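Residue 259 in the UniProt record's numbering is what sits at position 259 of the sequence shown, and the numbering runs on without skipping anything.
Just so it is clear, CB atoms sit at the ideal spot from N, CA and C, and this is done for glycine as well.
The structure displayed is predicted, hence computed values, not measured ones.
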Amino acid sequence: MSKSSLKRSAKQMGFDTTKRTKKVKSTGDTQKQVQSLLAPHEEEKYPESFETDTIKIYSWNVNGIKAVIGRKDLQSFITEHSPDILCINETKLSEENILKLKLRSHIPSEYQLIWNCCKRKKGYSGSAVFTKVKPLSVAYDLGIPKHDTEGRTITCEFEKFFLVTSYVPNAGVGKLERLDYRVNEWDTDFQDYLQGLEKSGKPIILCGDLNVGHLDIDVHNPKGLKKCAGFTPQERESFGNFLDKGFIDTFRHLHEEEQKFSFWSAKKQARASNKGWRLDYFVTSKNLIDNIDDSEIHDQVMGSDHCPISVTLNLKKGIETGDDFLMKSGNKE
């Protein structure tokens, strides 16, 4: 695929193909200040390509970024692990909070900060990406109004891959009031979005709190949790169908028999007794799996009801894009 064709495809998927991220609409007197934080800082010169043979990408549902910054959990984590890219779920931020909390001052300046805040209500959902390398383009949400009010998804285009971070909607507590929406609307449209993104000629790395325990090994009590959000037969089948479309759960691929969890309920000291769930994932296009050197769950890291997860991506092996990628992925028309 030519560069011009790739650029057209990216625009069709809702991408800004210029060297800046798309601006998110804001209201009130803080608009210009907020935009200066949401968009790349002109005074900062972020690299436009990765300069090492391997990079490490992390994802963490922090269950409210204000708390993990206030306790310095996030700062300590960044200092210790120095992620090349860190994806954050459940920031629980409004745009105004970004100003009030002076978030830029808490994160090392080597990171470009990209935010997608919930527009429907304050203190809910939200996502972010902190990256040492400037994306070629950034898209917010899915481009479908019914899915785009809660700040759940950010897509960053890099030279050799698309990185998508998503905080997938929970099916609901008790009566599972959002189960039908989750499985028959969100999952369907999100999977179509990812497949369409692949057709633009680059492999995908999807990460985040995907709110599903796929296999029995992924939860502490499979028999007792079958009617719980995240482990219903419908959600598990939907995720399995997604993987069947040419995507790979990196942790389970590399650690087939290992039981390790990324989420523990705050109730009844579930973490102390390791009564957990694996709800957080790195999923890649099948053609990228040979470039994944490791997929880890960092369950020793505290600060949230979730722990961080990561993948180590090997760039030295080479990553196919364009027509070569489309041919091998079966997306060549």
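Specify whether the region 234 to 243 and the region 211 to 224 touch according to this definition: at least 3 beta carbon pairs, one from each stretch, less than 8 Å apart. The region 234 to 243, when compared against the region 211 to 224, does touch it at the 8 Å Cβ threshold.
Distance between beta carbons of L136 and E159, contact taken as under 8 Å: For the purposes of this step, residue 159 is taken as residue 159 along the sequence shown, with counting starting at 1. For the purposes of this step, residue 136 is taken as residue 136 along the sequence shown, with counting starting at 1. By a beta-carbon distance limit of 8 Å, E159 contacts L136. Their separation comes to about 7 Å.
My output table needs one value for L197: the three-state DSSP class, helix, strand or coil. Translated into positions along the sequence shown, residue 197 becomes position 197. L197: helix per DSSP, three-state reduction.
Which partner residues of H306 appear in the DSSP bridge assignment? Within the sequence shown, residue 306 is the residue found at index 306, counting from 1. DSSP, once it has assigned bridges, lists F263 as partnering H306.
With DSSP as the reference, label V301 as helix, strand or coil. In the sequence shown, the residue the question calls residue 301 occupies position 301. When DSSP states are grouped into helix, strand and coil, V301 belongs to the coil group.
Output needed for D293: all residues of its chain with C-beta closer than 7 Å, excluding positions within five of it in sequence on either side, in chain order. Within the sequence shown, the letter at position 293 stands for residue 293. Hits under 7 Å: T54, T312, N314.
Short of 8 Å in beta carbon distance, which residues of its chain neighbour N63, apart from the five on each side in sequence? Order them along the chain. The residue labelled residue 63 in the question sits at position 63 within the sequence shown. Cβ neighbours of N63 beyond the five flanking positions: E90, K92, S304, D305, H306.
With respect to the alpha helix (DSSP H) encompassing L86, which residues constitute its N-terminal and C-terminal limits? Against the sequence shown, residue 86 aligns to sequence position 86. Where L86 is concerned, there is no enclosing alpha helix (DSSP H), although the beta strand (DSSP E) it sits in stretches over 85 to 89.
Taking 8 Å as the cut-off, does the region 242 to 261 touch the region 276 to 290 (at least 3 CB pairs, one atom from each stretch)? Contact holds: three or more Cβ-Cβ distances are below 8 Å.
Return yes when the Cβ of H147 is within less than 8 Å of the Cβ of residue 335, no when it is not. Only positions 1 to 333 of the chain appear in the structure, and residue 335 is not among them; the question remains open.
Suppose you measure from the CA of M327 to the CA of N170; what does that come to, to the nearest Å? The residue you call residue 327 lines up with position 327 of the sequence shown. The residue you call residue 170 lines up with position 170 of the sequence shown. Straight-line measurement puts the Cα of N170 at about 35 Å from the Cα of M327.
Whole-Å CB distance - Y167 paired with N61, under 8 Å assumed: Taking the first residue of the sequence shown as 1, we reach residue 167 at position 167. Taking the first residue of the sequence shown as 1, we reach residue 61 at position 61. About 7 Å; that satisfies the 8 Å criterion.
Taking the alpha-carbon positions, what's the I217 to L99 distance? Along the sequence shown, one-based indexing puts residue 217 at 217. Along the sequence shown, one-based indexing puts residue 99 at 99. Spanning the two alpha carbons is a distance of roughly 42 Å.
Distance between V301 and E48 (C-alpha atoms, nearest Å): As a position in the sequence shown, residue 48 is number 48, starting the count at 1. As a position in the sequence shown, residue 301 is number 301, starting the count at 1. So the alpha carbons of these two residues sit roughly 30 Å apart.
Output needed for S310: all residues of its chain with C-beta closer than 6 Å, excluding positions within five of it in sequence on either side, in chain order. Position 310 of the sequence shown, counted from the first residue, corresponds to residue 310. Within the same chain, Cβ atoms closer than 6 Å to the Cβ of S310 are found at K56, Y58, E296, the five residues on either side in sequence being excluded.
How many Å lie between W172 and A229 at the Cα? Residue 172 sits at position 172 when you count from the first residue of the sequence shown. Residue 229 sits at position 229 when you count from the first residue of the sequence shown. Checking the sequence shown, residue 172 turns out to be Gly, not Trp. G172 and A229: Cα-Cα distance of roughly 6 Å.
Return the bridge partner residues of Q112 from the DSSP annotation. Taking the first residue of the sequence shown as position 1, residue 112 is located at position 112. Q112 is bridged to T131.
May I have a chain-ordered list of the alpha helix (DSSP H) segments no shorter than 4 residues that lie completely inside the region 224 to 297? Residue ranges of uninterrupted alpha helix (DSSP H) with 4 or more members, entirely inside the region 224 to 297 and ordered along the chain, are 233 to 244, 250 to 254.
For G126, count neighbouring C-beta atoms within 10 Å of its own C-beta (all shown protein chains included) and say buried if the count is 16 or more, exposed if not. Your numbering for residue 126 matches position 126 in the sequence shown. That one is buried.
Helix, strand or coil at A67 according to DSSP, with G and I counted as helix: Along the sequence shown, one-based indexing puts residue 67 at 67. Looking at A67 - three-state DSSP - the assignment turns out to be helix.
In terms of residue numbering, what span does the beta strand (DSSP E) encompassing N97 cover? Here residue 97 refers to the residue found at position 97 when the sequence shown is read from its first residue. No beta strand (DSSP E) holds N97; the alpha helix (DSSP H) holding it covers 95 to 100.
Rounded Cβ spacing between G322 and G201 (contact assumed at less than 8 Å): Position 322 of the sequence shown, counted from the start, is the residue given in the question as residue 322. Position 201 of the sequence shown, counted from the start, is the residue given in the question as residue 201. Correct: roughly 5 Å between the Cβ atoms.
Identify, in the order they occur along the chain, each residue of the same chain with its Cβ nearer than 6 Å to the Cβ of L86, setting aside the five sequence neighbours on each side. On the sequence shown, residue 86 is found 86 positions in, with the first residue counted as 1. Excluding residues within five positions, the ones whose Cβ falls inside 6 Å are Y58, F130.
Can the beta-carbon of F162 be found closer than 8 Å to that of H220? In the sequence shown, residue 162 corresponds to position 162, counting from 1. In the sequence shown, residue 220 corresponds to position 220, counting from 1. By the CB criterion at 8 Å, F162 and H220 fall outside the cutoff.
How many Å lie between E150 and V68 at the Cα? Residue 150 sits at position 150 when you count from the first residue of the sequence shown. Residue 68 sits at position 68 when you count from the first residue of the sequence shown. The alpha-carbon separation between E150 and V68 amounts to approximately 21 Å.
Are the beta-carbon atoms of F325 and P203 separated by less than 8 Å? The residue labelled residue 325 in the question sits at position 325 within the sequence shown. The residue labelled residue 203 in the question sits at position 203 within the sequence shown. Cβ atoms of F325 and P203: closer than 8 Å.
Within the continuous alpha helix (DSSP H) that includes G322, where are the two ends? Taking the sequence shown and counting its residues from 1, one reaches residue 322 at position 322. 322 to 329 is the extent of the alpha helix (DSSP H) around G322.
My guess is that G208 and T165 are in contact by the Cβ rule of under 8 Å, so how many angstroms apart are they, rounded? One-based indexing of the sequence shown puts residue 208 at position 208. One-based indexing of the sequence shown puts residue 165 at position 165. Cβ atoms of G208 and T165 come within 8 Å of each other, at about 5 Å.
Beta-carbon contacts of D84 that lie in its chain and below 6 Å, excluding the five residues immediately before and after: Against the sequence shown, residue 84 aligns to sequence position 84. A distance below 6 Å between beta-carbons, with the five flanking residues on each side excluded, links D84 to the following residues of its chain, in chain order: I55, K56, K132.
Verify whether the separation of the beta carbon atoms of N331 and K199 is less than 8 Å. In the sequence shown, the residue the question calls residue 331 occupies position 331. In the sequence shown, the residue the question calls residue 199 occupies position 199. Yes.
Could you check the C-alpha separation between E320 and A270 for me, to the nearest Å? Locating residue 320 in the sequence shown gives position 320, counting from the first residue. Locating residue 270 in the sequence shown gives position 270, counting from the first residue. So the two alpha carbons sit approximately 43 Å from each other.
CA-CA distance, L101 and G143? The residue labelled residue 101 in the question sits at position 101 within the sequence shown. The residue labelled residue 143 in the question sits at position 143 within the sequence shown. Rounded to the nearest angstrom, the two C-alpha atoms are 29 Å apart.
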